[in-house]
Amino acid sequence: MEPILRTIQHVDWITLLLFGSLIMVVLAKSTFYNRFLNFIILPFNNKYVFMYNKKEKLLNWFHIFFTIFQVINFSLFIYLALQVLFKDTSLALFDSYGYPIILAAVLLFLLVKVSLQLGNGFIFNSNRTISELIFKKLSYLNYSGLVMFAANIILCYVFKDSVMVVYVAFALILLINAIGWVTLLKNHQNFLAGNFFYFILYLCALEIAPFVIIGSYLND
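For the sequence shown, our numbering begins at 680 and goes up steadily by one.
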């Protein structure tokens, strides 16, 4: 009986990353099954945000699991999109060191943004309402993480370097979060009308300005 040489290949780090992020969804579903069922229809029925925005809000494990899932896939989607859209420029990060940089930037961006929003709520004595707004926005962003996950799989294993996949995924992500914003404005119109000046200030400083800065950097 002749010995057979078995070659062990290195496991693709993106595969490990996607698998690790999927574990977060499995944990969320297995631990909070009823909550998961309400969450999975979020863009079509906002029952989820009405049921859970009063309970533990940002520090609930279900929310934490999906936030981790979203951050991992959001960072990976940016990494892959840069390779596809800017492959002939210095913005394309082809080595594996590019992803940790993007991940750190996304984490820092979210932490700073949430901290500033909570600080804004403390200054204007509206902690409860601001916490609800943050929870609802993050819920829709976390849901769009499912689109990012699917796009990442397609870009890595099905249609590599597909510009169309990037654009379609980006459009769906915008659509999901736009639905969240419309729902948020509709449900809090009385609060926003009574604090219209501060809402415009918040919108310009914490929602629009960061993306203008990022867009200006990418165009340089």
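Ideal placement from N, C-alpha and C gives every residue a C-beta, glycine not left out.
Flag this pair as yes or no: are the beta carbons of residue i and residue j separated by less than 9 Å?
i	j	result
tyrosine 822	phenylalanine 711	no
valine 793	serine 754	no
leucine 721	serine 841	no
lysine 815	valine 728	yes
isoleucine 781	tyrosine 758	yes
phenylalanine 828	alanine 760	no
phenylalanine 715	phenylalanine 741	yes
glycine 824	phenylalanine 745	yes
asparagine 856	leucine 820	yes
isoleucine 852	valine 844	no
asparagine 752	serine 700	yes
Does the beta carbon of residue i come closer than 9 Å to any beta carbon on chain B?
i	result
phenylalanine 715	In the structure shown, chain B does not exist; there is a single protein chain.
Taking the beta carbon of residue i as the centre, do at least 16 other beta carbons fall within 10 Å, making it buried, or is it exposed?
i	result
isoleucine 747	buried
glycine 859	buried
valine 826	buried
asparagine 713	exposed
valine 705	exposed
leucine 696	buried
phenylalanine 756	buried
valine 927	Given that the chain is displayed from residue 680 to residue 899, the structure contains no residue 927 and the question cannot be resolved.
leucine 812	buried
tyrosine 731	buried
tyrosine 778	buried
alanine 783	exposed
Taking only three categories from DSSP, how would you classify residue i?
i	result
phenylalanine 838	coil
tyrosine 758	helix
leucine 790	helix
tyrosine 776	coil
isoleucine 719	coil
asparagine 831	helix
alanine 848	helix
asparagine 739	coil
isoleucine 751	helix
methionine 680	Because methionine 680 carries a pLDDT of 47, less than 50, the predicted location of this residue cannot be relied on, and no value is offered for it.
Determine the extent of the alpha helix (DSSP H) in which residue i is found, giving its start and end residues.
i	result
asparagine 725	Per DSSP, asparagine 725 belongs to no alpha helix (DSSP H) and is neither H nor E.
phenylalanine 765	Counting along the chain, phenylalanine 765 falls outside any alpha helix (DSSP H), and DSSP gives it neither H nor E.
phenylalanine 698	692 to 710
Could you round the C-beta distance between residue i and residue j to whole angstroms and report it? I think they count as a contact, below 8 Å.
i	j	result
leucine 789	valine 750	7 Å
isoleucine 693	cysteine 835	6 Å
asparagine 739	threonine 862	Actually they are not in contact, since the Cβ atoms of asparagine 739 and threonine 862 sit about 20 Å apart, beyond 8 Å.
Taking only heavy atoms of the ligand MG into account, decide whether any of them is closer than 8 Å to the Cβ of residue i.
i	result
phenylalanine 838	Questions concerning the ligand MG fall outside what the structure shown contains, since it holds no ligand whatsoever.
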